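Enquirer: Sequence lines, in order, name chains A and B.
Here UniProt numbering is used: position 49 in the first sequence is 49, and no number is missing along the way.
Here UniProt numbering is used: position 128 in the second sequence is 128, and no number is missing along the way.
Every residue gets a Cβ at the ideal spot worked out from N, C-alpha and C, and that includes glycine.
Everything numeric in this text was worked out from a predicted model, so none of it was measured.
Quick one: the structure is below, and I'll ask about it shortly.
2 protein chains.
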Amino acid sequence: MHDTFVSNPSFFKLDATLKKIRNYWQKNFDARQMDITVDQWLLVENLYKHKRITHNELARLTSKDITTVSRIIELLVKKDLVERQGSTDDRRKVFVQLTPQGVNKYKEVRPLVLEMRKTGWNNLSETDYNELTRILDVIYANIP
Amino acid sequence: MHDTFVSNPSFFKLDATLKKIRNYWQKNFDARQMDITVDQWLLVENLYKHKRITHNELARLTSKDITTVSRIIELLVKKDLVERQGSTDDRRKVFVQLTPQGVNKYKEVRPLVLEMRKTGWNNLSETDYNELTRILDVIYANIP
DNA sequence: TAGCAATAGTTGTTATAGCAACTAATTTTA
DNA sequence: TAAAATTAGTTGCTATAACAACTATTGCTA
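As structure tokens, then:
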């Protein structure tokens with residue numbers, strides 16, 4: 001990789017693209033009164049998939065700091081979308097799972113998310129998707 | 001693009017990669033006592049390039065909200081890296097530029113940033129760089 | 001030209017991100 | 001087995017992100 005390319009700000013492009021996506025998602029959530037943020041959605045999505053997991057596991061799955069997860073969960077609990085249950089065999093652990101309302105919220109938001117993902121991938125191929133995935137994975141692995 | 005790919009969380013991968021890069025950068029800044037954050041660096045970099053610009057232009061160049069730019073500039077002014085000058089012909093505008101210390105800071109941090117970019121692009125080719133750029137540009141353009 | 005709209009920037013508020021310090025519980029080790 | 005180290009989670013703090021509301025200024029237009 002030449003210095004010209006190294007000096008080119010890919011970081012900026014990643015950041016700008018991510019912000020564009022995030023803002024687009026949030027605007028759509030707001031427009032349809034979903035009453036949820038993008039990162040709250042990411043946690044709900046993972047809780048739907050994994051049913052009953054600890055803060056720690058959720059943090060690992062979402063690449064979020066455990067403190068951040070702790071605080072987002074707090075907001076989701078306030079919204080009655082999530083409930084916490086202390087573990088009995090290891091009393092340090094706290095399990096988290098969706099409430100019935102949380103499951104409903106997932107089912108309500110999910111189609112909108114699929115739609116928006118489709119919009120983002122417009123004019124791009126399966127190969128493009130695989131390329132993006134591959135390149136991002138290599139970058140991720142390169143960094144200590 | 002098939003639904004399988006649409007439903008695959010690229011957003012998450014972008015987010016995770018960006019966080020990894022950001023944390024790596026910040027840890028290196030901290031380890032070498034650069035006394036600067038990643039986003040503060042991005043503004044310094046742009047100010048070095050563009051010499052004397054308004055908050056608004058800086059916001060556009062960095063894909064940041066003008067309120068965010070306003071607050072980061074405030075921090076940079078406190079660190080004596082940046083100075084503000086009210087425009088005379090349009091008194092709403094405030095021009096921003098690096099102080100001599102700001103220029104020094106740029107020259108101090110710059111080699112480290114190049115090094116870290118090189119690390120991130122390890123095992124990747126010029127073609128990969130162009131592919132990533134192309135795909136991100138299409139996604140960006142797809143989103144209203 | 002008076003009034004209205006648009007623009008540049010700041011301030012207030014809420015959310016996410018990450019580090020440090022802390023509590024409580026569990027595991028390791030001397 | 002008692003002390004030390006590790007682990008799970010919370011709380012405090014600072015920074016970034018975005019929206020709304022606000023001031024001050026400038027441009028537009030009836």
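So which residues of chain B does A/Glu131 contact, with C-beta pairs closer than 7 Å?
Expert: Simply Glu131, Ile135.
Enquirer: In the DSSP output, which residue or residues are listed as bridge partners for A/Val82?
Expert: Answer by DSSP bridge pairing, in chain order: A/Leu98.
Enquirer: Could you give the residue range of the alpha helix (DSSP H) that holds A/Ile139?
Expert: It spans 126 to 142 - the alpha helix (DSSP H) in which A/Ile139 sits, taken as one unbroken run.
Enquirer: Quick one: is B/Met1 near chain A, going by C-beta distance under 8 Å?
Expert: Residue placement at B/Met1 cannot be trusted, given a pLDDT of 47 that sits under 50; the coordinates are not used to answer.
Enquirer: Can you tell me the Cα-Cα spacing of A/Phe29 and B/Arg92, whole angstroms?
Expert: Spanning the two alpha carbons is a distance of roughly 34 Å.
Enquirer: Helix, strand or coil for A/Ile21, going by three-state DSSP, please let me know.
Expert: It is helical.
Enquirer: Could you tell me which of A/Leu18, A/Phe11, A/Phe12 sits nearest to B/Phe12, measuring between CA atoms?
Expert: Checked all of A/Leu18, A/Phe11, A/Phe12; the closest Cα to B/Phe12 is A/Leu18.
Enquirer: Under the criterion of a Cβ to heavy atom distance below 7 Å, does B/Tyr106 qualify as lining the ligand SAM?
Expert: Here there are no bound small molecules, and the ligand SAM is not part of this structure.
Enquirer: With a threshold of 16 other CB atoms inside 10 Å of the CB of residue 145 of chain A, please say whether the residue is buried or exposed.
Expert: Given that chain A is displayed from residue 1 to residue 144, the structure contains no residue 145 of chain A and the question cannot be resolved.
Enquirer: Looking at A/Val38 and A/Leu81, is the spacing between their C-beta atoms short of 8 Å?
Expert: Their beta carbons are not under 8 Å apart, which means A/Leu81 does not touch A/Val38 by this criterion.
Enquirer: For A/Asn46 and B/Ser70, what's the separation of their Cα atoms in angstroms?
Expert: Each residue's Cα considered, the two are about 36 Å apart.
Enquirer: Inspect the beta-carbon positions of A/Thr62 and A/Leu42 and report whether they are closer than 8 Å.
Expert: A contact, by the Cβ cut-off of 8 Å.
Enquirer: Hey, out of B/Tyr24, B/Lys64, B/Gln33, whose CA is closest to B/Glu108's CA?
Expert: Closest option to B/Glu108, Cα to Cα, is B/Gln33.
Enquirer: List the endpoints of the continuous alpha helix (DSSP H) containing A/Arg52.
Expert: Looking at the DSSP string, A/Arg52 is not in any alpha helix (DSSP H), and its letter there is neither H nor E.
Enquirer: Counting only Cβ pairs nearer than 7 Å, list the residues of chain B close to A/Val138.
Expert: What A/Val138 touches in chain B: Asn123, Leu124.
Enquirer: With distances taken from CA atoms, which of B/Asn123, B/Thr99, B/Asp65, B/Ile139 is nearest A/Asn123?
Expert: It is B/Ile139.
Enquirer: Run down chain B in chain order and give the residues with a C-beta less than 9 Å from the C-beta of A/Tyr106.
Expert: Residues of chain B passing the Cβ test: none, with the nearest at roughly 14 Å.
Enquirer: Taking A/Ala59 as the reference, give the member of A/Pro111, A/Ser10, A/Val96, A/Pro144 with the closest Cα.
Expert: Nearest option by C-alpha distance: A/Val96.
Enquirer: Chain A partners of B/Asp35, CB-CB under 8 Å?
Expert: Correct list: empty, because the minimum Cβ distance to chain A is about 20 Å.
Enquirer: What does the Cβ neighbour count give for B/Gln85, buried or exposed, with the cut at 16 atoms within 10 Å?
Expert: Counting Cβ neighbours within 10 Å, B/Gln85 comes out exposed, since fewer than 16 surround it.
Enquirer: Taking the CB atoms as reference points, tell me whether A/Ile36 and A/Lys78 lie closer together than 8 Å.
Expert: It is not a contact, given that the beta carbons lie outside the stated cut-off.
Enquirer: What is the rounded straight-line gap between the Cα of A/Glu83 and the Cα of A/Leu114?
Expert: Going from the Cα of A/Glu83 to the Cα of A/Leu114 covers about 26 Å.
Enquirer: Are the C-beta of A/Ala16 and some C-beta of chain B separated by less than 8 Å?
Expert: It does; some Cβ of chain B falls within 8 Å.
Enquirer: Ignore the nearest five residues each way along the sequence and tell me which others in A/Lys51's own chain have a CB closer than 7 Å to its CB.
Expert: These residues qualify, in order along the chain: Gln97.
Enquirer: So which of B/Ile143, B/Asp137, B/Lys49, B/Glu57 has the shortest CA-CA distance to B/Val94?
Expert: For B/Val94, the nearest C-alpha among the options comes from B/Glu57.
Enquirer: Taking the alpha-carbon positions, what's the A/Asp128 to A/Lys64 distance?
Expert: If you take the alpha carbons of A/Asp128 and A/Lys64, they lie about 27 Å apart.
Enquirer: Since I believe A/Lys20 is in contact with B/Ile143 (beta carbons under 8 Å), could you give me their beta-carbon distance rounded to a whole number of angstroms?
Expert: With a Cβ gap of about 5 Å, B/Ile143 and A/Lys20 count as contacting.
Enquirer: Please classify B/Gln101 as buried or exposed, where buried requires at least 16 neighbouring CB atoms within 10 angstroms.
Expert: Flag for B/Gln101 reads exposed.
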